[in-house]
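The sequence shown lines up with residues 150 to 609 when you count with this note's numbering. Backbone N, C-alpha and C define an ideal beta-carbon position, used for all residues, glycine too. Bear in mind that the values here come from a model prediction, so they are computed numbers and not experimental data.
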Amino acid sequence: MPTAYTILLGLLIVVAIITWIIPDVRNATVPDIVMSPVNGFVSAFDVSLFVMFLGGFLGVVNETGALDNGIAAIVKKLKGKELLLIPILMIFFSLGGTTYGMAEETIAFYALIVATMVAAGFDSLVGVATIMLGAGMGVIGSTVNPFAISAAVDALKSAFPDIEINQTAIIVIGATLWVVSLAIAIFFVMRYATQVKKDTGRSLLTPREREWMHHTYHGEEEKDEARFTGRMKAVLVVFAIAFSVMVIGLVPWETFGVTIFNKTSFLTGANLGEWYFAELQAWFFLCSIIAGIAGGMTERRLVKSFVLGASDMFGVALVIAISRGISVIMGSTGLDMYVLNKVSALLTNVSPTVFAIGAYIIYIGLSFLIPSSSGLAAASIPTFGGLASQLGLSPEVMIMIFCAACGLVNLISPTSGVVMGGLGIAKIEWTTWVKFVLKVLGVLFVVNLIILCLAMAFLS
């Protein structure tokens, strides 16, 4: 299966070829194609740089071991009441999903959570579902997720500067999707866990997967857990404050008549509620230093972990750049407006509900093609968001349609490194995961589509 880079480069070439076929647009030249990734990076510089600063912060936090040992401390306190771990951990992971698109960061937790769930009398599938569906429900209901919401808003504003985006509407719709989706996922995971605990024969694991699970976890002496130190607690406080301030900084408080943050520009020059990528970059850089100091890291270790964390996100930044390059070519050749005009003519008399259903289904397909949420946002939102605005529909709902569809597909797509990586650690086949999660995704598909249709009808 080709990588996201190859798929996007292929799509870029396809777009260029299309401009040669359609007589009503300017033909893309060889320099247009060659320079498109660079021009895309220039266009998406602010979001790409933010992604790398965020990666640096997460690298510092992970290096301290605060997240790993914080979860281990919770597990220890709830021993004997492990079923409660499912909603607690799923809520925790979903918070990461809705705020910063927690995905690859969950890989570190699979060994610990799977071992805990097996020891509690469940199976390894419960551990995988707790993490993957927990974080996934947060991504589906993204509120301020920079890899989805911010990337989509930035892509739309760069293509159509005159379109006004109501961040409050996005947060409200996202929060609704998040809470409803999380409740559904918790219900399914807890029901399956209860069934397996009562009757191991109800497990969906294959004989080979059960054998591996028993060989790995059963009969082992309980391993000594690392101490959850005061420094680790301090790092988690910094972690919580960092994302809390990010949320506060992005909410347009003045639209609510809230003036309490009107004198908070002393740090970045912009009041909380007026922040954007530049302020967030500075904020997470500052929090990286504070987290490193709180964790007792040396200067060399802090710098190294920040640089490694940032470098881990370079791939995401590159995906955004290549994807934005597609938008640059479409804009410079006039292909984007050509598509908008043609599709607008077809959908002139379509109701907001029908538009929402069609867009949701289209994004389900696109998400299989481009599994990167930030990449898909950069490549498609200028077209679909612009179309929604041109038809008098809500661009905010269009952005949430993209988030919900992309988040849903990335829980099952075999091209997702998060899905395949988590399953690989737990030694669970992709087909086994599909057997479990397909019913959950089916319910989520219908329920979330209803929410999005209602939002589109109400806001348009």
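Residue i - DSSP class collapsed to helix/strand/coil
i      : result
Lys347 : helix
Phe194 : helix
Arg175 : coil
Arg473 : helix
Asp272 : coil
Val596 : helix
Gly250 : coil
Gly524 : helix
Glu371 : For Glu371, the predicted structure reports a pLDDT of 45, less than 50, and the residue's modelled location is therefore unreliable. A value from the coordinates is still provided. Coil, per DSSP.
Ile519 : coil
Val503 : helix
Glu313 : coil
Thr155 : helix
Thr408 : coil
Phe607 : helix
Residue closest to residue i, alpha-carbon to alpha-carbon, out of the options
i      : options                        : result
Gln539 : Ser609, Ala301, Ala332, Val586 : Ser609
Trp361 : Gly189, Ile577, Phe607, Val596 : Ile577
Thr378 : Ile438, Lys230, Ala443, Ile333 : Ala443
Gly571 : Arg357, Met549, Leu261, Glu448 : Leu261
Ser330 : Leu593, Gly159, Lys584         : Leu593
Tyr259 : Phe242, Val492, Thr247, Gly250 : Phe242
Leu234 : Phe271, Gly250, Gly205         : Phe271
Phe607 : Gly422, Phe309, Val583, Glu545 : Glu545
Leu160 : Ile182, Val174, Thr255         : Ile182
Asn218 : Ala466, Ser393, Arg380         : Arg380
Arg351 : Tyr425, Val328, Val275         : Val275
Distance, residue j Cα to residue i Cα
i      : j      : result
Leu207 : Asn176 : 43 Å
Gly591 : Ala554 : 12 Å
Tyr512 : Gly229 : 43 Å
Gly398 : Thr213 : 26 Å
Ser565 : Leu416 : 38 Å
Thr408 : Gly483 : 43 Å
Ile478 : Cys436 : 37 Å
Leu429 : Ala391 : 10 Å
Lys226 : Asn315 : 42 Å
Ile561 : Thr413 : 43 Å
Ile439 : Val595 : 44 Å
Met549 : Ala318 : 10 Å
Val558 : Gly285 : 10 Å
Tyr341 : Ala575 : 17 Å
Ile171 : Lys306 : 26 Å
Glu356 : Thr580 : The identity of residue 356 in the sequence shown is Pro, whereas the question assumes Glu. Approximately 14 Å, taken between the alpha carbons.
Thr365 : Ala269 : 14 Å
Continuous alpha helix (DSSP H) stretch holding residue i: start and end
i      : result
Ser437 : 426-443
Val387 : 379-399
Asp303 : 300-308
Gly571 : 566-575
Arg449 : 448-461
Leu557 : 544-558
C-beta neighbour in chain C for residue i, strict 7 Å
i      : result
Arg340 : No chain C is part of this structure, which consists of one protein chain only.
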